[in-house]
Every structure is written in C-alpha cells, then in structure tokens.
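Take my numbering: the final residue in the sequence shown is number 372, and no numbers are missing along the way.
C-beta: ideal position from N, C-alpha, C; glycine also.
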Amino acid sequence: MISIFRYISGYVVFCAEGGFPERFLNLCKTNGLSLWNVENDGVKVKACTSAKEFQNIEKPAKNSGMTVKTLENKGIPFWAKRYKWRCGLLVGLAVAVCLVWYMSGFIWEVEVAQEDGVKINNFTENLEILGVKPGARKSKIDIPEVQEALLEMYPELSWVSLNIFGDKAKIEYTPATPSPEIIDTKTPSNIVASKSGKITLMEGYGGTNMVKEGGFVSEGSLLISGVKTNADGSESFVRARGKVFAETKNTFTSECEYKNTLKTADEKFVRYRLDLFGLKIPLGFKPKGEELSETDIPFSVNSTILPVGVIRDEGIAFIETKGEYNSQETYMLNFLSCIREKRKDYKDADIKSVKYTVSDKKTGQKLTMSIVCVENIALEKGFFVEEN
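Spelled out as structure tokens, the structure:
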C-alpha cells in the first residue's frame, strides 16, 4: 500500500556525488527529508524521495558539497504532466484510483490459523454465516460480536481472535483443555447383563463379582453387585464398576423385495460456475442427477486469493426405472443392507463366526444372519436405598 501512495503522489530517483555522502544523508534526515532505497558506496549516493521533498534537497547537497542529478521521475503527477492532453487517460486513471480505494474496503483473503493442527468442523462455513468471507465489507464486520459468537458455537474453544490487516482477515483460536472426567462413586448401582452368553473375562473395579468366568448368564442377570461386605461383616452400598466380556449369539433378519426402483447411471457431466464476489453464475445447465464433487478454483495474485474464481461441478446423471432384481442381485442387496445396519453395533466386538441362511418368498427374499462374538455385556443399573 505504501508503494501505491508513493506512486500516486510521485517520487524522484536521484544520484548525489562529489562531496561527503554521510554528511549529506545526515543533513537530509535533520531537515526532515524522507529517503528510501538508499545505496551508498562511499563516493556517491543513490536514493528515492517524494517529488515535494526533492524540491528542498538543494540545501543539504550544498552544505555537504554534493551534486544532485535526477535519474528518473516516477508517479502519476509526472505521468499526467507528460500526457496532460490525453483527457480520457486521466479520467480512466481517476476511475482506477477510486476503484482501488473502494476495493481496499473489502476483505480479499481469510486465513484460519489452527493451533497444533487442531481442525474444527464447519469453522469456515460458520465464519461466512457471520459475515467474515472474501468480498465482505470490512466496516460491516463487528469483531467483538464475531469472536463472542464463535465461542458460543464452539464450546471446545477457550480463546478466539479476529484481526483485519489491510485486505486480509486472520482468525486464531486456542482449544480448551478438556476437564477430567469426574467418576461418581457415591451413587449405588449394579452391573447386569445386557445379553445372554458365556462369560469369558471379568474385570470388576468396584462392588462384588456375582459370576465366574466360564459360567452362562441370561439377559438381566446380576453380574457385579453394588452391595459390598466389609471386613467386620457389615454391608455398604457402592457403585459397581467394571467390564464383563461374554460370548454371545445374535440373530437378526432382513427382507428385500424383487420389484424395486432401479437407478442406472446415464452419463457423466461437468459444469462450470463463475464465482464473482460470492455470486455463483452457472456457465451451463446441470442435468438431473446426483452431484459427486465440487471443486473451487480461485484466482490469486502474489499468493493473495481474490474473491473471484471458477467452480467445477462434476457428477453422474442417473435414470430411475421400475424394474425387478434377480435372485442373485436381491441376495447381494439384502446382505449389504445387513452389514451396513450392524457394523456399528459390533465394531468393538471380537467376531468369532458369521452364518446366514436365505429363504425365498413370493415377493422377495428373507436373509437370516447369526453372529457369534465376544463383547462387553456389562450394563450399569442404579438402585435406590431407603434411609431409616
């Protein structure tokens, strides 16, 4: 920005020689003359100064015995003087200056600084909802309000800072240190079996174990009691805690009909959209179908991302038709449906065996699946104690 203002006001590139360079530089500073890009080899000095200050450089040069020569005049005033008869260019220049001044009031780039690589889901999207995005007017952004809103949206953050430097908005945040889990040891409870099975491992942390490894239990059976016998023979109520692993057998069914709505891939499509200050302008029609991907291709200048770019949409158009699956297709769909439905339930279990049977019906197929696995069947169940 400084170089732009210097160019607007005009500056002179000059060379001074034939005297005492260090004294010349000191006198320029004493007289309030601003110099930049100074090159001093002990014999001559080459530097730049504003056009206005160059008019006062004769006195320091004379007192130091230096002879000043103008090497080059740069900036709009010199350019305008050279081409003053071209009014159209001057008008265009004035418009360009006004446009630059106006555009400097917008945010062109948003940077999110993640501490220790901690990534917050949908953080950028929520920033845009709060108005912090490329193309946003800086005067419209209430920094304290945005910071407070982000802390309310994300309780896992302890600190958020929003700073605007020129045309860039930088957001920094610090994750909160998670509080240690407080274990309730006062409320009495029992551990019961959530399923029937054969006990393979007992890991009791509190209470009294009521079953042994190798024994069979049914659903709802008491595994770890919250009643503890003390050394003096008295009893006290505690919170039973622990893990009880058992080998269980789980059976479930799934049905799939032969007649269904079939989705057939028709064609792959690619479409581009112009992103102009957040306004997305389609450059073609999107066929009916399911969009697979959206790729942003922003324009940038000197690593600064501009709020102008292209969005590439890539997907596959589908055709829906009424059809009928054959026996093999129905079996595969039924099997995949069972896997999708149950894989979350048994992600921590040790699967021993999986058996399944298929029975044909008039309208479809019925799949019966049996899973034998070792899993934690401990279920905590609180109880109330009446005080006398």
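| Query | Result |
| --- | --- |
| From which residue to which residue does the alpha helix (DSSP H) around Met137 run? | Ile127 to Met137 |
| Starting from Glu359, follow the alpha helix (DSSP H) in both directions and report where the run begins and ends. | First-last for Glu359: Gly348 to Asn360, but that is the beta strand (DSSP E), not the alpha helix (DSSP H). |
| Near Ile155, which residues of its chain fall below 6 angstroms by C-beta distance, leaving aside the five closest residues on each side in sequence? | Val96 and Leu146 |
| Which residues mark the beginning and the end of the alpha helix (DSSP H) in which Leu11 is found? | Pro5 to Thr14 |
| Could you check if Phe(-11) is buried or exposed, using at least 16 other CB atoms within 10 Å of its CB as the buried criterion? | exposed |
| Counting only the same chain and skipping the five closest in sequence on each side, list residues whose C-beta sits under 8 angstroms from that of Thr171. | Arg223 and Gly366 |
| One question on the structure: do Phe229 and Thr184 come within less than 8 angstroms of each other, judged by their Cβ atoms? | yes |
| When the Cα atoms are used, what is the spatial distance from Lys122 to Ala45? | 45 angstroms |
| Would Ser178 be called buried (16 or more neighbouring beta carbons within 10 Å of its own) or exposed? | buried |
| In chain order, which continuous runs of the beta strand (DSSP E) of length 3 or greater are located wholly inside the stretch 20 to 92? | 20 to 24, 28 to 34 and 51 to 58 |
| Write down the C-beta distance between Asn21 and Cys32 rounded to the nearest angstrom, noting that I regard them as a contact closer than 8 angstroms. | 5 angstroms |
| Do you know offhand how far Val195's Cα is from Ile208's? | 8 angstroms |
| Helix, strand or coil, according to DSSP, for Ser202 in the structure here? | coil |
| Check whether the Cβ atoms of Ile300 and Arg257 lie closer than 8 angstroms to each other. | no |
| Does Thr108 come out as helix, strand or coil in the three-state DSSP assignment? | helix |
| From the DSSP output, read off the bridge partner residues of Ser173. | Arg223 and Gly366 |
| Just curious, the alpha helix (DSSP H) that Lys326 is in, first and last residue? | Ser311 to Lys326 |
| Between Pro266 and the rest of its own chain, which residues show a CB-CB distance below 6 angstroms, the 5 nearest in sequence each way excluded? | Arg257 |
| Quick one: what does DSSP say Ser(-13) is sitting in, helix, strand or coil? | helix |
| Buried or exposed: where does Val201 fall if 16 or more other Cβ atoms within 10 Å of its Cβ makes it buried? | buried |
| Within the same chain, show all residues whose beta-carbon is closer than 6 angstroms to that of Met87, passing over the 5 residues directly before and after it, in chain order. | none |
| Closest to Gly119 by C-alpha separation, out of Gly(-6), Trp92 and Gln349, would be which residue? | Trp92 |
| Hey, Ile175 and Gly115: beta-carbon distance below 8 angstroms or not? | no |
| What's the gap between the Cα of Leu77 and the Cα of Lys43? | 35 angstroms |
| Along the beta strand (DSSP E) that carries Met194, what are the first and last residues, could you check? | Run containing Met194: none; DSSP gives neither H nor E here. |
| Spell out whether any CB of chain C is found under 8 angstroms from the CB atom of Gly150. | The structure shown has no chain C; it contains just one protein chain. |
| Going by CA-CA distance only, name the one from Glu304, Tyr242, Val356 and Thr341 that's closest to Asn310. | Tyr242 |
| Which residue wins for smallest C-alpha separation from Glu6, given the options Lys28, Val(-3) and Ser142? | Lys28 |
| Do you know whose CA, among Asn234, Gly293 and Asp259, lies nearest Cys357's CA? | Asn234 |
| Who pairs with Ser145 in a beta bridge, going by DSSP? | Glu156 |
| Going by DSSP, which residues form a beta bridge with Gly293? | Asp259 and Pro282 |
| Among residues of its own chain, excluding the 5 on either side of Gly204, which ones have a beta-carbon nearer than 8 angstroms to its beta-carbon? | Val176 and Ala177 |
| Rounded to a whole number of angstroms, what is the C-alpha to C-alpha distance between Phe38 and Thr108? | 49 angstroms |
| So, is Gly150 buried or exposed, given that buried needs 16 or more other C-beta atoms within 10 angstroms? | exposed |
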